[in-house]
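Participant: Dumping the structure here so I can ask a few things about it.
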Amino acid sequence: MMAARFLRRSIPVLRQARCYADAPSGSSQMSFTFASPTQVYFKEASVKQVDVPTLTGAFGILPAHVPTLQVLRPGVVTVFNDDGSAAKFFVSSGSITVNADSSVQLLAEEAFPLDQLDVAAAKANLEKAQSEMASASDEAARAEVQINIDANEAIVKALE
Amino acid sequence: MFARTSALVFLPQCGQVRNMATLKDITIRLKSIKNIQKITKSMKMVAAAKYARAERQLKPARVYGNGAVALYEKAEIKAPEGVANKHLLIGVSSDRGLCGAVHSNVAKAIKAKIATLTGEGKEVMVVNVGDKLRNILQRTHSNYLLLSCKEVGRKPPTFTDASIVATELLNMGFEFDQGAVIYNRFRSVISYKTDEKPIFSIDTVANSENMGIYDDIDADVLRNYQEFALVNIIYFGLKESTTSEQSARMTAMDSASKNASEMIDKLTLTFNRTRQAVITKELIEIISGAAALT
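Chains as they are written, first to last, in my numbering: chain A, 20 to 179; chain B, 11 to 304.
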C-alpha cells in the first residue's frame with residue numbers, strides 16, 4: 020500500500036520528466052499549412068506526408084522532418100491525409116518551410132487541384148512557348164519563355 | 011474708401027453679429043447640402059460593397075501572410091544589436107482620401123520610427139505604397155523617401171502588384187539589414203490598428219543564430235526564399251490595408267451623411283421660421299398701410 024501511494028505520487032513526477040524530454044512537442048503531428056495568395060487548402064492540418072517538388076529535387080516530408088527551407092519548382096504536390104487518401108495539387112512556384120516544432124508552411128504563388136487543369140490547353144501553351152523560344156531576343160525574355168516552357172511541361176507531365 | 015469698407019464691416023446693430031439670411035440664401039444652402047448628402051450616401055454604398063469583397067479576400071490572405079512570417083517568428087530571427095545597420099520602412103496605404111485617419115496613422119508611425127532610428131544613429135529609408143503617404147511625408151521627410159508607388163487603391167491589390175513593388179524595391183539597390191512593413195491591420199468594421207511586420211535581409215537571416223538548425227540551405231535557395239517572403243509580406247500588408255481603408259471610408263461617409271441630415275433638419279426649421287416671418291411682415295405692412303388709409 021505504501022508502495023502504491025509512492026507510485027501514485029511519483030507518477031506525476033515521471034510525467035513531468037517525460038514532458039521535458041519531449042520539448043519539441045507535437046513531433047508526432049505535423050501542423051501543415053498550404054496556401055496560395057487567394058486560397059487556403061490546408062490550415063494547420065494534421066497530415067501524414069507531403070511530397071513537394073523543389074529546385075534541388077523532389078522530397079517527401081513526414082512529421083519530425085529536419086528543419087529546412089526550400090524553394091518550389093513547377094510541379095505536383097501530393098498530400099497524404101491521416102486517413103490514407105491522397106490529394107494532388109499543381110503549384111507554379113513558392114516556398115516551403117519546415118520548422119523545428121514540425122510545422123510546415125507551404126506557400127505557393129499559384130496552386131490548383133489537378134482536376135481543374137486542362138491537358139489540351141497545357142499542350143497548346145507548351146507548343147506556343149517552344150516556338151517563342153526561337154524568337155526570344157534578350158536574356159530576360161529568354162528566361163521568361165523558359166519558365167513558361169518548364170511550367171507547361173510540368174503540367175502536361177502531371178496530367179498524363 | 012477705407013471709411014466705407016469699415017462702415018460695412020462694423021455693423022451698427024449691437025447684439026446681432028450677422029444679417030438674417032434671406033429665403034434665397036437658405037434655399038441655396040439647403041440644396042447644396044442635400045446634394046452632398048446624396049454623394050456621401052452613394053460613396054458609403056460603394057465602400058460597403060468594396061469592403062465586403064476585400065474582407066472575403068482577406069481570409070485566405072491572412073493565412074498566407076501568417077505562414078510567410080512563421081519562419082521569422084519560430085526561428086526568432088533578429089538583426090545583430092548595436093551595429094549601425096540600415097533600416098527599410100515600407101508604408102502601405104493608398105491613393106484615395108475621404109477614409110478617415112488611415113493615411114495619417116501610417117505616416118505618424120513612420121515618422122515616429124524614423125525619429126527613434128535616426129536618434130540611435132541608424133540609416134533609414136522609406137518606401138511609400140500609395141500617393142497619400144507620399145504627400146504627407148514629402149513635406150518634412152523628403153530625404154528619406156526611396157521609392158513611391160501610385161495607382162494603389164482603385165482596384166483590389168493582387169499578388170502581382172506586391173511582386174512589382176518588391177522587384178522595384180530590390181532593383182533600387184538599397185542594402186538594408188532589416189526593416190518593417192507598416193500597415194493598418196483590420197480588426198473589425200469599426201476598428202483597425204496600425205501594425206508592423208518585420209523584414210530581414212538575406213545576410214541577417216543567414217547569420218542569425220537559430221538558422222543552423224535548418225539544414226541544406228545554400229545561398230541561392232535562401233535568396234529566392236527571401237525575395238518570395240518579401241513579396242508575401244508586402245501582399246499581406248496590402249490586403250489588410252485595403253480592408254481597413256474601405257471600412258474606414260464606409261464609417262467616414264456614414265457619419266458625413268448623418269451630419270448632413272442634421273444640418274438639413276436645422277436648416278429646414280430655419281427656412282420655415284424665416285418664411286413665416288416674411289409672411290407676417292408682409293401682412294403687418296398691408297394691415298398698417300390699410301389702417302393708415304382709413
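Where a beta carbon is used, it is the ideal one built from N, C-alpha and C, also for glycine.
Computed from a prediction, not measured in an experiment: that's the story for all the values here.
Just the Cα atoms here: how many angstroms apart are A13 of chain B and V102 of chain B?
Facilitator: Below a pLDDT of 50, predicted positions are generally treated as unreliable, and A13 of chain B, at 49, falls in that range; the measurement from the model is reported next regardless. Taking the straight line joining both Cα atoms gives about 56 Å.
Participant: Mind checking V110 of chain A: buried by the 16 CB within 10 Å criterion, or exposed?
Facilitator: Buried.
Participant: Exposed or buried, what is E206 of chain B when buried is set at 16 or more other beta-carbons lying within 10 Å of its beta-carbon?
Facilitator: It counts as buried.
Participant: For the alpha helix (DSSP H) that contains D205 of chain B, what are its first and last residues?
Facilitator: Counting along the chain, D205 of chain B falls outside any alpha helix (DSSP H), though it belongs to the beta strand (DSSP E) covering 201-210.
Participant: Suppose contacts are defined by Cβ-Cβ distances below 8 Å. Is I100 of chain B in contact with V191 of chain B by that definition?
Facilitator: In this structure, V191 of chain B lies closer than 8 Å to I100 of chain B by Cβ.
Participant: Which residues mark the beginning and the end of the beta strand (DSSP E) in which P72 of chain A is found?
Facilitator: Here the beta strand (DSSP E) through P72 of chain A covers 59-73.
Participant: Can you find a C-beta in chain B that's less than 8 Å from the C-beta of V96 of chain A?
Facilitator: Closer than 8 Å: no.
Participant: Compare the Cα-Cα distances from N171 of chain A to each of A:E158, A:K142, A:E163, A:S154 and report the closest residue.
Facilitator: Checked all of A:E158, A:K142, A:E163, A:S154; the closest Cα to N171 of chain A is A:K142.
Participant: In the DSSP assignment, find the beta strand (DSSP E) that holds M135 of chain B and state where it starts and stops.
Facilitator: Start and end: 133-139.
Participant: Can you tell which of B:A111, B:K132, B:Q148, B:L248 has the C-alpha that lies nearest to the C-alpha of T170 of chain B?
Facilitator: Ranking B:A111, B:K132, B:Q148, B:L248 by Cα distance to T170 of chain B puts B:L248 first.
Participant: Alpha carbon to alpha carbon, what distance is there between K118 of chain B and I146 of chain B?
Facilitator: Between I146 of chain B and K118 of chain B, the C-alpha separation is close to 9 Å.
Participant: By DSSP, does T304 of chain B sit in helix, in strand, or in coil?
Facilitator: Note: T304 of chain B maps to coil in three-state DSSP.
Participant: Using a Cβ-Cβ cut-off of 8 Å, state whether A239 of chain B counts as contacting chain A.
Facilitator: By this cut-off, A239 of chain B is an interface position.
Participant: What are the boundary residues of the beta strand (DSSP E) that P132 of chain A is part of?
Facilitator: Segment 130-132, the beta strand (DSSP E) holding P132 of chain A.
Participant: Let me make sure I understand the geometry here. Which of A:S114, A:P82, A:N100, A:A160 has the alpha-carbon closest to that of R92 of chain A?
Facilitator: Selected option, being the one with the closest Cα: A:S114.
Participant: Which partner residues of F99 of chain A appear in the DSSP bridge assignment?
Facilitator: Answer by DSSP bridge pairing, in chain order: A:Q68, A:A105.
Participant: For F169 of chain B, report the span of its alpha helix (DSSP H) as first-last.
Facilitator: 169-182 is the span of the alpha helix (DSSP H), which, as asked, contains F169 of chain B.
Participant: Give the residues of chain B in contact with Q124 of chain A, contact being defined as C-beta atoms less than 8 Å apart.
Facilitator: In chain order: G77, A78, A80, L81.
Participant: Which word fits T116 of chain A, buried or exposed, when buried means at least 16 other C-beta atoms lie within 10 angstroms of its C-beta?
Facilitator: By the neighbour-count rule (16 or more Cβ atoms within 10 Å), T116 of chain A is buried.
Participant: List, in chain order, every chain B residue whose beta-carbon is nearer than 9 Å to that of A119 of chain A.
Facilitator: Going along chain B in sequence order, the residues near A119 of chain A (Cβ under 9 Å) are K84, A85, N220, I223, Y224.
Participant: Check G110 of chain B in the structure and name its three-state DSSP category.
Facilitator: Reduced to three states, the DSSP call for G110 of chain B is coil.
Participant: Measuring straight from C-alpha to C-alpha, what distance separates Y202 of chain B and L179 of chain B?
Facilitator: Looking at the two C-alpha atoms, the distance is approximately 27 Å.
Participant: Does DSSP classify I168 of chain A as helix, strand or coil?
Facilitator: Helix at I168 of chain A.
Participant: Check whether the segment 78-93 of chain B and the segment 215-229 of chain B are in contact - that is, three or more C-beta pairs closer than 8 Å.
Facilitator: Enough Cβ pairs lie closer than 8 Å, so yes.
Participant: If contact means a Cβ-Cβ distance below 7 Å, which residues of the segment 110-135 of chain B contact chain A?
Facilitator: Residues passing the 7 Å Cβ filter: none.
Participant: Quick one: is I296 of chain B buried, meaning 16 or more other Cβ sit within 10 Å of its Cβ, or exposed?
Facilitator: Exposed, since its Cβ has fewer than 16 Cβ neighbours within 10 Å.
Participant: Mind reading off the beta-carbon distance from V71 of chain A to F51 of chain A? Whole number of angstroms is fine, and I expect it under 8 Å.
Facilitator: Actually they are not in contact, since the Cβ atoms of V71 of chain A and F51 of chain A sit about 11 Å apart, beyond 8 Å.
Participant: What is the DSSP secondary structure of Y5 of chain B, counted as helix, strand or coil?
Facilitator: Since the first residue shown for chain B is 11 and the last is 304, residue 5 of chain B is missing from the structure and cannot be characterised.
Participant: Using DSSP bridges, identify the partner residues of I115 of chain A.
Facilitator: I115 of chain A is bridged to A:Q89, A:L125.
Participant: Between E91 of chain B and N234 of chain B, what straight-line distance do the alpha-carbon atoms span, to the nearest angstrom?
Facilitator: The straight-line gap from Cα to Cα measures roughly 26 Å.
Participant: At least one CB of chain B closer than 8 Å to the CB of E158 of chain A: is that the case?
Facilitator: No, E158 of chain A lies away from the interface with chain B (no Cβ there is under 8 Å from its Cβ).
Participant: Got a sec: is the Cβ-Cβ distance from I227 of chain B to anything in chain A below 8 Å?
Facilitator: For I227 of chain B, the answer is yes, since a Cβ of chain A falls inside 8 Å of its Cβ.
Participant: Tell me, please, whether the CB atom of N242 of chain B is closer than 8 Å to any CB atom in chain A?
Facilitator: Chain A, which has a Cβ nearer than 8 Å to the Cβ of N242 of chain B, makes this yes.
Participant: Considering I80 of chain A, what are the terminal residues of the beta strand (DSSP E) in which it resides?
Facilitator: I80 of chain A -> beta strand (DSSP E) spans 76-80.
Participant: Can you tell me whether A162 of chain A is buried or exposed? The criterion is at least 16 other CB atoms within 10 Å of its CB, across all chains shown.
Facilitator: So A162 of chain A ends up on the exposed side.
Participant: Return yes when the Cβ of V73 of chain B is within less than 8 Å of the Cβ of A54 of chain A, no when it is not.
Facilitator: Yes, these two residues count as a Cβ contact at 8 Å.
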